[in-house]
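Undergrad: Chains A and B are the protein sequences, given in the same order. Position 14, counted from 1, in the first sequence is what this note's numbering calls 14; the numbers after and before it change by one each time, with no gaps. Position 331, counted from 1, in the second sequence is what this note's numbering calls 331; the numbers after and before it change by one each time, with no gaps. Beta carbons: idealized from backbone N, C-alpha and C, even for Gly. Sharing a structure below in C-alpha cells format, with a few things to ask.
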Amino acid sequence: MATVIIPTPLRKFTSNASKITISGNTVEEVIQNLNAAYPDLRKHIQDNSGTIRPFINIFVGEDDIRTLDSHHTVVNDNSHISIIPAIAGGNAL
Amino acid sequence: MFSKEELLRYNRHIIMPDFGIAAQEKLKKARVLVIGAGGLGSPLLLYLAAAGVGHIGIVDGDVVEDSNLHRQVLFGVDELGMAKVEAAKKRLLSLNPYIEVVVHETQFTSANAMDIASDYDVIADGTDNFPTRYLVNDVCVLLDKPNVYASIYQFEGHVSVFNYVNERGERGPNYRDLYPNPPEAGTVPNCAEAGVLGVLPGIIGSLQALEVIKVLTHVGEPLSGRFYTFDALSFESRTFKLKRDPANPLNGDNPSLSELIDYDQFCGIKKAAEGTKEVTAEEFQDWQENGTEMQIIDVREPSEFELVNIGGTLIPLSEILENSDKIDRQKKVVFICKSGVRSVRAIEVLEENRGFDNLYNLKGGLINLILEADLDLPTY
C-alpha cells in the first residue's frame with residue numbers, strides 16, 4: 001500500500017484526510033483506487049479522458065512522474081505519492 | 001563602500017565567515033523588484049530592506065485595507081487607505097535609511113512589465129493570481145533574470161527559484177516547466193475559496209527573502225531545480241526535484257513564445273464576459289427598484305455567503321450543474337459572485353450543458369455592487 005499525500009486544497013474531497021494508504025502497483029492504479037474511494041476528487045486531478053490536469057503535478061518521493069515513467073511509474077509499500085496543485089495566493093475572484 | 005554607521009548596522013552579517021563584507025557589498029549593489037506588497041511582500045520587503053539590499057523596487061496598485069492587516073505586517077492602522085507602495089516605502093526607509101526604494105504604483109501588466117523589470121537584477125514574485133504568475137515568469141525568462149517564487153493558499157506554501165543560472169552556466173527550470181497550463185478560471189478550489197492563515201505568508205515570505213539574499217550573494221545553494229512545500233496544518237515540509245521540460249514554449253527545444261501575451265485570456269478570464277449577457281450594478285438596481293421579475297443565484301462558497309449576501313439563492317459554482325433544476329427558466333436570472341468571474345463561468349457551464357438562455361452576469365460582482373450602490377454591507 002503506497003501512501004498518497006493530499007494537499008490542503010483537495011482535502012475537502014477526502015474527508016479531510018491528509019495521508020491515505022491505498023493499493024496499486026503503479027501511479028495510475030493508485031490514482032484509480034483513490035478516485036474510487038473518493039469520487040469527488042477525480043475531476044480535480046484528471047480530465048474526462050483520464051489525463052492528469054496540467055496544473056496538477058504528481059511526485060513519487062522527490063521525483064516528478066513526468067521524469068520517471070509517467071503514470072506507469074511503479075510504486076511499492078514505501079512509496080510516498082504527493083499531489084501538488086498550482087496555487088496562486090489568497091484572493092478569490 | 002560602507003559608512004561607519006552602515007558597518008555597525010550590518011555587523012552581524014559581516015562577522016559571519018561565510019558571508020562577510022563581500023556578500024554585504026553584493027547586497028548593497030543589488031537591484032531587486034518585489035511584485036506585490038501583500039502578505040508575502042510584507043516580510044520579504046522588511047527583511048530585504050533590513051539586510052541592506054541597496055535598491056528595492058515595489059510594484060502594487062492597491063491601497064491598504066483593514067482586512068489586509070491580519071497578515072500584511074508591513075502596514076498599520078495609520079496607513080489605511082494609503083497606496084501600499086507609498087506606505088511600504090515609508091516603513092522601509094524608516095527601517096533602513098541607507099537604501100533606495102523606488103515605487104511603481106500600478107498593477108504589473110503585459111504593457112508595463114518589461115519596462116519595469118528591465119531595471120532590476122532579481123525579481124521576487126509575491127502576487128496572488130495565476131495570470132500575474134505566468135506574466136512574471138515569462139518576463140523573467142525573456143529578460144534573463146532569476147525569479148524567486150513563493151505562493152500560498154490557506155494553510156499551504158510553495159517556494160522555488162526559477163530561471164536561475166548557476167556558476168557552471170546551467171539554467172534551472174521555470175514556472176512553465178512545473179505548470180505548463182493554468183487552471184481554468186473558477187474551476188478549482190484555488191479561485192473558488194478565499195482565505196489564508198495570517199502567519200503563513202510570514203513564514204513563506206521570509207523563506208522567499210532568504211532565497212533572494214542567497215541568489216544575490218552566491219552564499220549557499222539557491223532553491224533552483226527544487227520545489228519546497230510547507231503544510232502548516234501537519235507541519236510537514238517536502239522538497240521535490242524539478243527539471244526543465246523540452247516542451248516549454250519559452251525556452252524548451254522548440255520555443256514558440258518570444259513576447260508577452262494576454263495572460264487573462266491564457267488563464268481563461270474573459271474580459272467583458274464575451275458572449276455572456278451581463279447587467280451592470282446600476283441596471284441591476286433599476287431592476288430591483290422597478291420590480292422586474294428575477295431570480296438571484298449566488299455562486300460563491302457558503303463561508304463567503306455568510307459574511308455578506310444580498311439574499312440570493314446560494315449554489316456554489318462547483319455544485320451548479322447538480323442544482324440546475326433550482327434555476328428558473330422563465331424570468332431573468334442574475335448570477336453573482338465576489339468579482340464577476342465565477343458567475344460568468346457558472347453561466348457558461350449552464351448554457352453549454354443545460355441550454356439556458358435567460359442568465360445574466362452581474363458585472364464586477366458583489367463587491368462592485370456594494371461600492372457603486374453604496375450599500376451598507378461589508379466588503380472582503
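1) On the criterion of 16 or more Cβ atoms from any shown chain inside 10 Å, does B:E100 qualify as buried, or is it exposed?
2) Give the single residue among B:L350, B:K338, B:Q288 and B:N166 whose Cα lies nearest to the Cα of B:Y218.
3) Counting only beta-carbon atoms, is B:S303 nearer than 8 angstroms to chain A?
4) According to DSSP, is B:V308 part of a helix, a strand, or is it coil?
5) With 16 other CB atoms within 10 Å as the buried threshold, where does B:D60 fall?
6) Rounded to whole angstroms, what's the CA-CA distance from B:G157 to A:I81? Just pull it up for me.
7) Quick one: measure Cβ to Cβ for A:T94 and A:I65, integer angstroms, because I've assumed they're closer than 8 angstroms.
8) Just to make sure I have the definition right: I need the residues of chain A whose C-beta is within less than 9 angstroms of the C-beta of B:T127. Which are they?
9) Only counting the same chain, and skipping five residues up and downstream in sequence, which positions put a Cβ closer than 6 angstroms to that of B:E382?
10) Taking all protein chains shown into account, decide if B:S224 is buried (16 or more other Cβ within 10 angstroms of its Cβ) or exposed.
11) Could one say the Cβ of B:N190 lies closer than 8 angstroms to chain A's Cβ atoms, at least one of them?
12) Should the stretch 138-158 of chain B be regarded as contacting the stretch 204-213 of chain B, the criterion being three or more beta carbon pairs within less than 8 angstroms?
13) Between the Cα of B:G365 and those of B:G355, B:R300 and B:E105, spot the shortest distance and give me the residue it belongs to.
14) How would you write the range of the alpha helix (DSSP H) that B:E352 sits in, first residue to last?
15) Identify the contact partners of B:Q330 in chain A, using a Cβ-Cβ distance below 7 angstroms as the criterion.
16) Determine the closest residue to B:N309 out of B:N11, B:N254 and B:I370, with distance taken between C-alpha atoms.
17) In its own chain, which residues sit with a C-beta less than 7 angstroms from the C-beta of A:N91, not counting the 5 before and 5 after it?
18) What residues in its chain sit with their C-beta under 8 angstroms from that of B:L350, if we drop five residues either side in the sequence?
19) In whole angstroms, give me the CA-to-CA distance for A:N33 and B:V199.
20) Quick check on DSSP: helix, strand or coil for B:F392?
21) Quick one, are the C-beta atoms of A:K19 and A:T3 less than 8 angstroms apart?
22) In chain A, which residues lie less than 9 angstroms from B:H158 when you measure between Cβ atoms?
23) B:V279: which of B:K363, B:V34, B:I123 and B:I261 sits nearest, CA to CA?
24) Along the chain, where does the beta strand (DSSP E) containing B:N147 start, and where does it finish?
25) In angstroms, rounded to a whole number, what distance separates the CA positions of A:A37 and B:D376?
26) Note down, in chain order, all residues in the stretch 7-19 of chain A with a beta-carbon under 8 angstroms from any beta-carbon belonging to chain B.
27) Within 8 angstroms (strictly less), CB to CB, does B:Y164 reach chain A?
28) Output the distance between the C-alpha atoms of A:L93 and B:I14, rounded to the nearest integer angstrom.
29) Between the stretch 286-300 of chain B and the stretch 328-336 of chain B, do at least 3 Cβ pairs fall closer than 8 angstroms?
30) In terms of residues, what are the limits of the alpha helix (DSSP H) holding B:Q72?
31) Assign B:I261 to buried or exposed, taking buried as 16 or more other Cβ atoms, counted over all protein chains shown, within 10 Å of its Cβ.
TA: In short:
1) exposed
2) Residue identity differs from the one stated: residue 218 of chain B is His in this sequence, not Tyr. The option with the nearest alpha carbon to B:H218 is B:N166.
3) no
4) coil
5) B:D60 comes out buried.
6) 18 angstroms
7) In this structure chain A extends from 1 to 93, so residue 94 of chain A is not present and cannot be described.
8) A88 and G89
9) Missing from the structure shown is residue 382 of chain B; chain B here goes from 1 to 380 and no further.
10) That one is buried.
11) In this prediction, B:N190 has a pLDDT of 40, which is less than 50 and means its spatial position is unreliable; what the coordinates show is noted afterwards. Answer yes: the Cβ-Cβ gap between B:N190 and chain A drops below 8 angstroms somewhere.
12) yes
13) B:R300
14) R342 to R354
15) Residues of chain A with a Cβ closer than 7 angstroms to the Cβ of B:Q330 do not exist, since the nearest Cβ in that chain sits about 30 angstroms away.
16) B:I370
17) Any reading at A:N91 must be qualified, since the residue scores a pLDDT of 49, below 50, and its modelled position is unreliable; the value itself is stated next. The answer is none, since no qualifying residue turns up.
18) I320, L321, S324, I327, F356 and L359
19) 36 angstroms
20) Beyond the ends of chain B as shown, which are 1 and 380, falls residue 392 of chain B; an answer cannot be given.
21) Contact flag set, yes.
22) I84, A86 and I87
23) B:K363
24) N147 to Y153
25) Distance between the alpha carbons of A:A37 and B:D376 is about 46 angstroms.
26) P7, T8, P9, L10, K12 and S18
27) Cβ-Cβ to chain A under 8 angstroms: no for B:Y164.
28) Bear in mind that a pLDDT of 41 at A:L93, under 50, signals an unreliable position, so the number given afterwards is only what the model happens to contain. Going from the Cα of A:L93 to the Cα of B:I14 covers about 45 angstroms.
29) yes
30) Where B:Q72 is concerned, there is no enclosing alpha helix (DSSP H), given that its DSSP letter is neither H nor E.
31) With fewer than 16 other Cβ atoms within 10 Å, it is exposed.
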